[in-house]
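A short worksheet on the structure shown next.
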Amino acid sequence: MAPTTRRSNGVARRPTARHPIPKNVLVELSVSHNKACMFCGQKEISEKLYGLLYQLNDVIVHYFCILLSSRAVQNGADKEGIWGFLLKDIKAELTRGSRETCVYCKKKGATISCCGSKCRRVFHLPCGLKNGSMHQYYQSFKSFCQQHRVTQVVDLSELQNTASVQCAICKDDVTAAPLHNSIWAPCCKRNAWFHRGCIQDLALSAGYFFKCPLCNNVENFKCRMLTLGIYIPSRDASWETVPNAFAELLERHSMCNAETCLCPHQDKRKYQHESGSWEIILCHTCGSNGTHRLCSSLKCDQEWYCIACQTVADNTARAKKKLLELPDDGNGSGISVMIEERLSHNREVQRRNIELMRNAARPLSVDDPIVISDDSNDSSIQCVTYIDPPKIPHIQVIQTPQIRLPVISGYSSISTDSTRNLDRRFALSANESKSLTYIFQGSIDLTSDDDDN
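One point on numbering: in my numbering, the residue at position 119 of the sequence shown is 264, and numbering is uninterrupted.
Written as structure tokens, this is what we have:
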């Protein structure tokens with residue numbers, strides 16, 4: 146679930162201490178301005194604890210102080226007021242807080258109420274954090290006192306493991322218990338304990354790219370961290386916004402990594418020339434290592450591989466050779482067991498295919514049985530064989546007198562090409578006996594019966 150915050154990606158103007166703060170312009174203050182938040186009265190600026198300190202005209206507030214105030218309403222757009230909180234709404238919340246007393250410091254101006262059932266505690270944000278309060282930075286932005294804070298759900302096996310566990314981020318020991326300073330990641334489950342401060346620093350740095358540092362889980366890990374009060378800003382990661390952050394990717398390796406560099410120049414390994422003996426040749430595989438042409442005795446257009454890549458290639462070739470070769474039995478056959486098994490399998494498959502083709506081509510005899518089914522539960526095999534066809538009684542056929550058919554005295558070939566035979570006409574001549582005779586080159590007697598021959 147993507148974090149829902151009341152902060153946009155815009156950057157407020159940050160004037161220097163020499164220049165006066167302009168009106169109707171949102172300004173991000175620094176420590177040099179020496180101004181305090183009107184909600185909590187603190188001058189400390191910590192994005193991790195209170196958020197950044199902003200000023201709009203005569204109103205100065207911490208971002209988290211206005212964000213977590215119980216009655217603060219965001220009636221404007223993100224570019225209006227202080228990230229959507231209009232000046233009149235902020236002043237109304239300050240007026241309401243002036244009548245509330247902090248349960249911890251006993252001073253006026255408390256605006257954060259506990260959302261626990263039937264809990265009436267009201268406190269300042271710094272006072273609540275010092276006493277173990279928890280705040281959720283999504284949806285309705287709820288706050289809880291130490292007594293009603295959300296309890297982590299941890300597997301029993303993790304709680305039974307009392308051995309010291311290291312935080313996966315800072316590598317310091319962390320208490321493997323659901324305390325307010327310890328957080329357990331449900332996606333990893335095994336030794337997945339972190340300091341709350343380490344997780345918050347990771348979230349501020351990663352932004353949109355926030356994920357579990359152990360298993361890289363995003364959805365499950367992010368949902369649990371939001372529930373446990375981790376603020377995840379809706380912005381790009383810090384390494385994406387640094388000027389020239391990826392300039393190193395455009396740099397080409399330019400140093401000789403040969404075991405013994407023979408270059409006589411003062412820079413020695415860093416010296417290079419466009420061509421000749423002191424030209425830097427990069428590894429053909431990784432490109433992360435280089436050597437002078439003379440240091441590795443390379444000829445013109447000869448490829449070079451660094452020690453790491455050559456070791457990987459040699460180990461791969463050695464593993465393949467070991468897999469293919471037979472154990473040394475003194476015969477020196479050199480025949481691979483794998484190849485022999487594969488050839489044997491191929492020969493068996495080929496033999497079966499030939500047998501199937503022969504069976505398909507062989508005519509089926511009437512005496513050959515045909516297996517209908519093979520019941521595996523018993524040893525019976527049902528068979529069906531061809532049976533002799535039924536004997537049909539001989540029927541005598543009485544031939545009728547032959548009918549005299551006309552005789553074709555000749556014929557001529559007719560082309561199938563319609564375009565060249567449109568003018569072809571058939572000539573018919575009638576005899577005096579009213580018998581039709583077709584004019585062809587040969588003669589065919591239709592009265593003769595070829596079946597008798």
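Ideal placement from N, C-alpha and C gives every residue a C-beta, glycine not left out.
Just so we're clear, the structure is a prediction, and the values are computed from it rather than from any experiment.
**OP:** Decide if M502 is buried, meaning its Cβ has at least 16 other Cβ atoms within 10 Å, or exposed.
**Re:** exposed
Original post:
Can you name the start and end residues of the beta strand (DSSP E) that W338 belongs to?
Top reply: W338 to H340
**OP:** Report yes if the CB atom of I211 is closer than 8 Å to the CB atom of F230, and no otherwise.
**Re:** yes
Original post:
Assuming Y282 contacts Y195 under a Cβ cut-off of 8 Å, what Cβ separation, rounded to an integer in Å, is found between them?
Top reply: Between Y195 and Y282 the Cβ distance is about 12 Å, and since that is not below 8 Å, they are no contact.
Subject >> Identity of the residue in L373, Q291, C250 and Q284 nearest C264 by Cα >> reply: Q291
**OP:** Give a yes or no on whether the C-beta atoms belonging to E245 and K253 are separated by under 8 Å.
**Re:** yes
Subject >> Closest by C-alpha distance to G435, when choosing among L443, S422, C451 and K444 >> reply: C451
Original post:
Would the beta-carbon of G311 fall within 8 Å of that of L373?
Top reply: A small correction: the amino acid at residue 311 is Gln; Gly does not occupy that position in the sequence shown. No.
Subject >> Of the listed residues Q187, I328 and C250, nearest to L371 (C-alpha basis) >> reply: I328
Original post:
Just curious, the beta strand (DSSP E) that T372 is in, first and last residue?
Top reply: Per DSSP, T372 belongs to no beta strand (DSSP E); it is in the alpha helix (DSSP H), E364 to T372.
Subject >> Nearest to I166 (by Cα), restricted to the options S433, L201 and T405 >> reply: L201
Original post:
What's the gap between the Cα of E238 and the Cα of F184?
Top reply: 9 Å
**OP:** Compare the beta carbon distance of L439 and L407 with 8 Å and say whether it is the shorter of the two.
**Re:** yes
Subject >> Contact set for N365: own chain, Cβ-Cβ below 7 Å, skip 5 residues either direction >> reply: P331 and C332
**OP:** Sort out for me which residues DSSP pairs M502 with in a bridge.
**Re:** Answer by DSSP bridge pairing: none, since M502 is not bridged.
Original post:
What is the rounded straight-line gap between the Cα of D412 and the Cα of V319?
Top reply: 48 Å
Subject >> Continuous beta strand (DSSP E) assignments of at least 3 residues falling wholly in the region 192-256 >> reply: 198-201 and 204-207
**OP:** Please list, in chain order, all residues of the same chain as P323 whose beta carbon is under 6 Å from its beta carbon, the five residues on each side excluded.
**Re:** Q297 and V299
Original post:
To the nearest whole angstrom, what separates the beta carbons of A337 and L359, a pair I think is in contact under 8 Å?
Top reply: 6 Å
**OP:** Classify C272 as buried or exposed, calling it buried when 16 or more other Cβ atoms lie within 10 Å of its own Cβ.
**Re:** buried
Subject >> Helix, strand or coil at H490 according to DSSP, with G and I counted as helix >> reply: helix
Original post:
Where does the unbroken alpha helix (DSSP H) through L469 begin, and where does it stop?
Top reply: I452 to L469
Original post:
For V387, is the classification buried or exposed, using 16 other Cβ atoms within 10 angstroms of its Cβ as the cut-off for buried?
Top reply: exposed
Original post:
Nearest to Q455 by alpha carbon, out of K467, G432 and H437?
Top reply: G432
Original post:
Which residues in the same chain as T430 place their Cβ atom closer than 7 Å to its Cβ, once the five residues preceding and following it in sequence are excluded?
Top reply: Y450 and C454
Original post:
Secondary structure at G277, three-state DSSP: helix, strand or coil?
Top reply: coil
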